[in-house]
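In this note's numbering, each residue carries its 1-based index in the sequence shown increased by 617. Notes follow once the structure below has been shown.
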Amino acid sequence: MCTIGAVKLSEDEIVLFKNKDFADSTFSDEVVLSEHHFGAKGLETFDAAGAESVFSGLSVGANRYGLLACVNHVKTTGNEALNYDILVQEVIENALSVDEAIQSVQKAIDIQPYWWGNLVIADTEQLAVIEVRGKECQVRIDYESVFRTNHQPMYGEHQSPDNIRCSAARFESAEQRLAHIGCLEDVFELLSTHDNVGEKSGICNHTDTLSTVYSYILHRVRNQIRLYVTKGNPCSNKWHSLDLPLGEDWSSKNASAFLEQYPN
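In structure tokens:
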């Protein structure tokens, strides 16, 4: 039930956000951190409570060039298809811009099919959403905001093809709120909302089958990126503010401090 998006707040300020909803409410992130990039690993077994964790790719991340990216679930397909989180890893490790990221995804899916998923990618010039299904994709570029829940509107869908709860209601909520986003605080509020669904579900999800286990905001202002992250439901848990020690800000001391403060 992940909800993802990005918004441009000013000429030099962008935000990428994600609520991560998994079956295991006790889930803890595995973090990748280097001088080049940050990422939280993707999980192939996200919908299986009690199953052994199988990690691959990146669920959300940023690189030293200021590129931000994340992905959410639409539909798991056959054994020949790869986890869509691998596409985020490809983008974060190799692309410098949204344009390069789109080319990287298109090249990858030409070679191998992927589970159906939505990628949101952002730099200070433009924002993009890529709807991936198998070896196909649809791309939309925007300069103000993009978002997705668990269906693919560019393929004509209005609700989740995998029967994921309240994708349409969350889509409507995100669309309405993004139309009036004016500052970073509005993004925190968006991720904590239960609009249109009730207090146990919504963009912030409290249901028994899938619940929000992490919430992320990557906030880029000029060449600096800060991560705001909370473990558990963002409506009721503490946000941690962490500067990403990438590029010129990299040092073993800064990296250690980041990992020590990361909630897991």
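All C-beta atoms in this analysis are idealised placements derived from N, C-alpha and C, irrespective of residue type, glycine included. Note that this is a predicted model, so its numbers are computed, not measured.
Assuming residue i contacts residue j under a Cβ cut-off of 8 Å, what Cβ separation, rounded to an integer in Å, is found between them?
{"i": "L699", "j": "Y731", "result": "5 Å"}
{"i": "V677", "j": "A657", "result": "5 Å"}
Could you give the distance in angstroms between the alpha-carbon of residue i and the alpha-carbon of residue j?
{"i": "A679", "j": "A791", "result": "22 Å"}
{"i": "K752", "j": "K870", "result": "42 Å"}
{"i": "I820", "j": "N636", "result": "7 Å"}
{"i": "F663", "j": "R750", "result": "19 Å"}
{"i": "I649", "j": "I703", "result": "The sequence as given places Val at residue 649; Ile does not occur at that position. Between V649 and I703, the C-alpha separation is close to 13 Å."}
{"i": "L736", "j": "D629", "result": "22 Å"}
{"i": "P880", "j": "S645", "result": "8 Å"}
{"i": "A786", "j": "S868", "result": "44 Å"}
{"i": "R794", "j": "A725", "result": "33 Å"}
{"i": "I842", "j": "M771", "result": "30 Å"}
{"i": "D740", "j": "S853", "result": "30 Å"}
{"i": "D716", "j": "V708", "result": "10 Å"}
According to DSSP, what are the bridge partners of residue i?
{"i": "E753", "result": "R750"}
{"i": "W856", "result": "DSSP, once it has assigned bridges, lists no residue as partnering W856."}
{"i": "F634", "result": "G622, I834"}
{"i": "V688", "result": "L736"}
Short of 6 Å in beta carbon distance, which residues of its chain neighbour residue i, apart from the five on each side in sequence? Order them along the chain.
{"i": "L859", "result": "L844, F875, Q878"}
{"i": "H797", "result": "none"}
{"i": "Y682", "result": "L713"}
So, at 7 Å on beta carbons, what are the nonlocal neighbours of residue i in its own chain, with the 5 sequence-adjacent residues on each side left out?
{"i": "E774", "result": "H768"}
Give every residue of the same chain whose Cβ lies closer than 8 Å to the Cβ of residue i, excluding the five residues on either side of it in the sequence, and list them in chain order.
{"i": "D759", "result": "Q743, L744, A745, V746"}
Evaluate residue i with the Cβ neighbour count: other Cβ atoms within 10 Å of its Cβ, from every protein chain shown; 16 or more gives buried, anything less gives exposed.
{"i": "G799", "result": "exposed"}
{"i": "D855", "result": "In the sequence on display, residue 855 carries Lys and not Asp. Exposed, because fewer than 16 other Cβ atoms sit within 10 Å of the Cβ of K855."}
{"i": "G695", "result": "exposed"}
{"i": "D825", "result": "exposed"}
{"i": "I728", "result": "exposed"}
{"i": "V722", "result": "buried"}
{"i": "V671", "result": "exposed"}
{"i": "T810", "result": "buried"}
{"i": "H836", "result": "buried"}
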